[in-house]
Amino acid sequence: MGWIQDQFKKRTEISGKALTETVFPDSSAQRSPEREAWSRLLRGLSQDVEEFQRLGGNCNLQPLSDVQCRISNPPASIAVVVTADLSARTVEYSYESDQKKTAVPEKGILTLRPSDGEVDLYSADQRLTSEQARQLVLEPLLFPTLPTDLAAIGP
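Residues 8 to 162 in the working numbering are what the sequence shown spells out, letter by letter.
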């Protein structure tokens, strides 16, 4: 069971949401290790959004360009814009609110660092798996009102 399903299971005890679908097309543009890492991250985000939707959550993923997407949670009035700067080897994620009274987390940066012919994701100086990076970006968006102590409790 992935982190989305774990968190969703906790969340559905509080409320349920409508099912929607979205697809993020895979870019076939220039391939570099950084672009491959970005593509893997996008595919993972898309899969997480699809899983959330299958479980009854309401969120949408909208590609904005080859290096940017917006993921929104309409019921919570929160979205995150994820933008890659492949030449700088960074991925920035920035939260936004549709309502002034909704607080959102501050933006963050993931770095793309070469390692053994591949590119790994880092937050600060901590290496992250793809799942950890996606959870870092999506958890505040998909589960915004889940109390911190409930989020920390395992299944």
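Beta carbons: idealized from backbone N, C-alpha and C, even for Gly.
Since this is a predicted model, take the numbers as computed values, not measurements.
Residue pairing from DSSP places Ser-104 in a beta bridge opposite Ile-85.
Pro-151 and Thr-136 have their C-alpha atoms roughly 22 Å apart. In the structure shown, the three-state DSSP call for Pro-151 is coil.
In the displayed model, Ser-72 falls within a strand according to three-state DSSP. Take Pro-40, set aside five residues on each side of it, and the residues of its chain with a beta-carbon closer than 7 Å to its own are Pro-121, Glu-125, Val-126, in chain order.
Burial check for Arg-141: the Cβ neighbour count within 10 Å reaches 16 or more, so the residue is buried. Residue pairing for Val-56: DSSP places it in no beta bridge. The shortest CA-to-CA distance from Leu-128 to any of Trp-45, Asp-13, Arg-38 is the one to Trp-45.
Ranking Ser-94, Asp-105, Gly-64 by CA distance to the CA of Ser-84 puts Asp-105 first.
Distance from the CA of Asp-92 to the CA of Val-98, rounded to the nearest whole angstrom, comes to 6 Å. Put simply, the backbone Cα of Asp-123 is about 16 Å away from that of Arg-42. Where Thr-118 is concerned, the enclosing beta strand (DSSP E) starts and stops at 115-122.
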